[in-house]
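Student: Residue numbers (our numbering), protein chains in the order written: chain Y, 1 to 165; chain D, 166 to 330.
Glycine included, every Cβ here is placed at the ideal spot set by N, Cα and C.
For clarity, every value in this text was computed on a predicted model and none was experimentally measured.
Got a structure for you, questions after.
Protein chains: 2
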Amino acid sequence: MEYSEAKQKFIHAWGTLGSNWGINKAMAQIHALLLLATEPLSAEEIMDELQMSRGNVNMNLRSLMDWGIVKKEHKVGERKEYFSTGKDVWDLARQVSRERRRREIEPILKVLEDVQSVSGDNKKSVAEFKKVTSELFEFSSKVDGVVEKFIKSDQNWFYKFLMKL
Amino acid sequence: MEYSEAKQKFIHAWGTLGSNWGINKAMAQIHALLLLATEPLSAEEIMDELQMSRGNVNMNLRSLMDWGIVKKEHKVGERKEYFSTGKDVWDLARQVSRERRRREIEPILKVLEDVQSVSGDNKKSVAEFKKVTSELFEFSSKVDGVVEKFIKSDQNWFYKFLMKL
DNA sequence: AAATACTTTCAGAAATATTTGAAAGTATAG
DNA sequence: CTATACTTTCAAATATTTCTGAAAGTATTT
Numbered sequence: 001m002e003y004s005e006a007k008q009k010f011i012h013a014w015g016t017l018g019s020n021w022g023i024n025k026a027m028a029q030i031h032a033l034l035l036l037a038t039e040p041l042s043a044e045e046i047m048d049e050l051q052m053s054r055g056n057v058n059m060n061l062r063s064l065m066d067w068g069i070v071k072k073e074h075k076v077g078e079r080k081e082y083f084s085t086g087k088d089v090w091d092l093a094r095q096v097s098r099e100r101r102r103r104e105i106e107p108i109l110k111v112l113e114d115v116q117s118v119s120g121d122n123k124k125s126v127a128e129f130k131k132v133t134s135e136l137f138e139f140s141s142k143v144d145g146v147v148e149k150f151i152k153s154d155q156n157w158f159y160k161f162l163m164k165l
Numbered sequence: 166m167e168y169s170e171a172k173q174k175f176i177h178a179w180g181t182l183g184s185n186w187g188i189n190k191a192m193a194q195i196h197a198l199l200l201l202a203t204e205p206l207s208a209e210e211i212m213d214e215l216q217m218s219r220g221n222v223n224m225n226l227r228s229l230m231d232w233g234i235v236k237k238e239h240k241v242g243e244r245k246e247y248f249s250t251g252k253d254v255w256d257l258a259r260q261v262s263r264e265r266r267r268r269e270i271e272p273i274l275k276v277l278e279d280v281q282s283v284s285g286d287n288k289k290s291v292a293e294f295k296k297v298t299s300e301l302f303e304f305s306s307k308v309d310g311v312v313e314k315f316i317k318s319d320q321n322w323f324y325k326f327l328m329k330l
């Protein structure tokens, strides 16, 4: 398969994967492009390769930096900004886990905790509510624990852990 | 907190969580409602509670059944159909993992495998492409393995596994 | 076989998310 | 200070997703 075809295929697949998991497709595609790049890219280069507007590229690069997976770089003697992403897959997974934990797991845990104080006339419904939400809370806390462990661990731990399974 | 308020809060949070993970909000909310219900609900009851159209409820119930997390039931002597969801959180997690594996992990693994046959003039780019995609492939395969294990395991295994961490 | 009680479908409407591009902003160089 | 080379912003346009509701479909009862 020709390089350009493979590249297109990968960028497309990465974008689709992102979409399915609630991540802006453009953002995922920019990330894919940076993953494949042999050196940092300028906004202009990204615009050209992905056929996106300047505004869109800028906005999504900012999001990627918010997620902590893209860094801004400056080449000496150049005014333009360049962008790069870490190539370590494991680091990437950790970083994404960290952010999703903060943005999604923690808020839902908070809600599940809050609603534990439920009360009402319909005893059966209230009992069911408490049962379901407390089980969800416990399960989510455990998942949260695993994710936290994963985030704080080093790559070695992770591969050892995979071995044990 | 009053039952109705807690219920609203939970349904809302579940819907938001779903959205963030690429799941239709209505679908997640219907699921939340069924989780809290003390007995199977009819389409009409869901429409009323969630203020959704018949078509929307019907469509999303179908999706939930496709995901294997909602079942259709019939009450004796009644023509209407009723719907229920399993209340076991762990089962739910397994089922969702199973489906996402099939729908997302497997396709991306296939793409990553396909593009390994890349070739081209630009040696450096091709080398980088192979390096990144093969590492992604290996990582994803490992994740796939963990998910598979999780899906096939029983609840007991899972809790033991959590302990070990 | 017609009426009844339901479920399903789907074209169009509405809502939401994404993208554009031009104007405004910022920093450096001359 | 002004021009230049860039980046950022954001209102409007576009694209995508979701939702509605009425019509069509299906199964049961009379």
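Can you pull out the residues from the region 294-308 of chain D whose beta carbon lies closer than 7 Å to at least one beta carbon of chain Y?
Tutor: Listed by position along the chain: F294, V297, T298, E300, L301, F304, K307.
Student: Would you say Y:N20 lies against chain D (beta-carbon separation less than 9 Å)?
Tutor: Counting from 1 along the first sequence, the entry for residue 20 of chain Y is found at position 20. Yes, its Cβ sits closer than 9 Å to a Cβ of chain D.
Student: When burial is assigned at 16 or more other CB atoms within 10 Å of the CB, is Y:A127 buried or exposed?
Tutor: Against the first sequence, residue 127 of chain Y aligns to sequence position 127. Exposed, since its Cβ has fewer than 16 Cβ neighbours within 10 Å.
Student: Let's see if you can read the secondary structure: which residues bound the alpha helix (DSSP H) around Y:K80?
Tutor: Here the question's residue 80 of chain Y lines up with position 80 in the first sequence. Counting along the chain, Y:K80 falls outside any alpha helix (DSSP H), and DSSP gives it neither H nor E.
Student: Secondary structure at Y:V70, three-state DSSP: helix, strand or coil?
Tutor: Along the first sequence, one-based indexing puts residue 70 of chain Y at 70. Strand at Y:V70.
Student: What is the rounded straight-line gap between the Cα of D:W232 and the Cα of Y:I108?
Tutor: Position 67 of the second sequence, counted from the first residue, corresponds to residue 232 of chain D. Position 108 of the first sequence, counted from the first residue, corresponds to residue 108 of chain Y. Distance between the alpha carbons of D:W232 and Y:I108 is about 22 Å.
Student: If you measure between the beta carbons of Y:V147 and Y:T133, is that distance less than 9 Å?
Tutor: Here residue 147 of chain Y is taken as the residue at index 147 of the first sequence, counted from 1. Here residue 133 of chain Y is taken as the residue at index 133 of the first sequence, counted from 1. Result no, Cβ atoms of Y:V147 and Y:T133 do not sit closer than 9 Å.
Student: From the beta carbon of D:M192, is the nearest beta carbon of chain Y less than 9 Å away?
Tutor: Looking up residue 192 of chain D in the second sequence gives position 27. By this cut-off, D:M192 is not an interface position.
Student: Could you check if D:W179 is buried or exposed, using at least 16 other CB atoms within 10 Å of its CB as the buried criterion?
Tutor: Here residue 179 of chain D refers to the residue found at position 14 when the second sequence is read from its first residue. Label assigned to D:W179: buried.
Student: Using the Cβ count rule (16 or more neighbours within 10 Å means buried), how would you classify D:V235?
Tutor: One-based indexing of the second sequence puts residue 235 of chain D at position 70. Buried is the call here.
Student: Three-state secondary structure (DSSP) at D:S218?
Tutor: By 1-based counting over the second sequence, the position of residue 218 of chain D is 53. Residue state, collapsed to three classes: coil.
Student: Just to confirm, is the Cβ distance from D:I188 to D:L198 under 9 Å?
Tutor: Numbered from its first residue, the second sequence carries residue 188 of chain D at position 23. Numbered from its first residue, the second sequence carries residue 198 of chain D at position 33. Cβ atoms of D:I188 and D:L198: not closer than 9 Å.
Student: Under 8 Å by Cβ, that's how I've got D:F294 and Y:L36 pegged, so tell me the actual separation to the nearest angstrom.
Tutor: Numbered from its first residue, the second sequence carries residue 294 of chain D at position 129. Numbered from its first residue, the first sequence carries residue 36 of chain Y at position 36. Rounded, the Cβ-Cβ distance is 6 Å, consistent with contact.
Student: Report yes if the C-beta distance between Y:E135 and D:K252 is below 9 Å; otherwise report no.
Tutor: Stepping through the first sequence from its first residue, residue 135 of chain Y is reached at position 135. Stepping through the second sequence from its first residue, residue 252 of chain D is reached at position 87. In this structure, D:K252 lies closer than 9 Å to Y:E135 by Cβ.
Student: To the nearest angstrom, report how far apart D:R265 and D:I316 are at their CA atoms.
Tutor: The residue you call residue 265 of chain D lines up with position 100 of the second sequence. The residue you call residue 316 of chain D lines up with position 151 of the second sequence. Spanning the two alpha carbons is a distance of roughly 11 Å.
Student: May I ask which residues mark the beginning and end of the alpha helix (DSSP H) holding Y:K152?
Tutor: By one-based count along the first sequence, residue 152 of chain Y stands at place 152. Unbroken alpha helix (DSSP H) run through Y:K152: 123-152.
Student: Apart from the five residues just before and just after Y:N60, which ones in its own chain have a Cβ nearer than 6 Å to its Cβ?
Tutor: Position 60 of the first sequence holds residue 60 of chain Y. So the list reads A26, M27, I30, once near-sequence residues are dropped.
Student: Who are the near neighbours of Y:I11 in its chain, counting only those whose CB is closer than 7 Å to its CB and skipping five residues on each side?
Tutor: Against the first sequence, residue 11 of chain Y aligns to sequence position 11. Contacts found: Q29, A32, L33.
Student: For D:N321, would you say it is in contact with chain Y, using Cβ-to-Cβ distances shorter than 9 Å as the test?
Tutor: Against the second sequence, residue 321 of chain D aligns to sequence position 156. Output row for D:N321: interface = no.
Student: Taking 9 Å as the cut-off, decide whether the C-beta atoms of Y:T38 and D:K289 are in contact.
Tutor: Locating residue 38 of chain Y in the first sequence gives position 38, counting from the first residue. Locating residue 289 of chain D in the second sequence gives position 124, counting from the first residue. Against a cut-off of 9 Å, the Cβ pair of D:K289 and Y:T38 comes out as a contact.
Student: Starting from Y:G15 and walking both ways along the alpha helix (DSSP H), at which residues does that stretch end?
Tutor: Reading the first sequence from its first residue, position 15 is the one you call residue 15 of chain Y. Counted as a single uninterrupted DSSP element, the alpha helix (DSSP H) harbouring Y:G15 occupies residues 3-20.
Student: Using the beta-carbon of each residue, which ones in chain D are nearer than 9 Å to Y:T85?
Tutor: Working through the first sequence from its first residue, we reach residue 85 of chain Y at position 85. Ordered by position in chain D, no residue passes the 9 Å Cβ test against Y:T85, which lies about 10 Å from the chain.
Student: Between Y:F139 and the ligand GDP, is there a pair consisting of the residue's CB and a ligand heavy atom that are separated by less than 8 Å?
Tutor: In the structure shown, the ligand GDP is absent, as is every other ligand, since no ligand is present at all.
Student: Got a sec: which bits of the region 51-79 of chain Y sit with their beta carbon under 9 Å from any beta carbon on chain D, in order along the chain?
Tutor: The residues in question: there are none.
Student: Based on Cα-Cα distance, which residue from Y:Y3, Y:R79, Y:S63, Y:W21 lies nearest to Y:S42?
Tutor: The residue given as residue 42 of chain Y occupies position 42 in the first sequence. The option with the nearest alpha carbon to Y:S42 is Y:R79.
Student: In the DSSP output, what is Y:L41 paired with across the bridge?
Tutor: Your numbering for residue 41 of chain Y matches position 41 in the first sequence. Bridge partners of Y:L41: Y:F83.
Student: How would you call D:V283, buried or exposed, if buried means at least 16 neighbouring beta carbons within 10 angstroms?
Tutor: For this step, residue 283 of chain D is matched to residue 118 along the second sequence. The residue is buried, with at least 16 neighbouring Cβ atoms inside 10 Å.
Student: Select from Y:S153, Y:T85, Y:E49 the residue whose C-alpha is nearest the C-alpha of Y:S63.
Tutor: Working through the first sequence from its first residue, we reach residue 63 of chain Y at position 63. Nearest C-alpha to Y:S63: Y:T85.
Student: Determine the direct distance from the alpha carbon of D:M217 to that of Y:S141, and round the result to whole angstroms.
Tutor: In the first sequence, residue 141 of chain Y corresponds to position 141, counting from 1. In the second sequence, residue 217 of chain D corresponds to position 52, counting from 1. Y:S141 and D:M217: Cα-Cα distance of roughly 32 Å.
Student: Could you name the residues of the same chain whose beta carbon sits closer than 8 Å to that of D:S262, not counting the 5 residues immediately before and after it, in chain order?
Tutor: As a first step, residue 262 of chain D is located in the second sequence; it is residue number 97 there, counting from the start. Around D:S262, the same chain offers V312, F315, I316 as residues with beta carbons nearer than 8 Å, after the five sequence neighbours per side are excluded.
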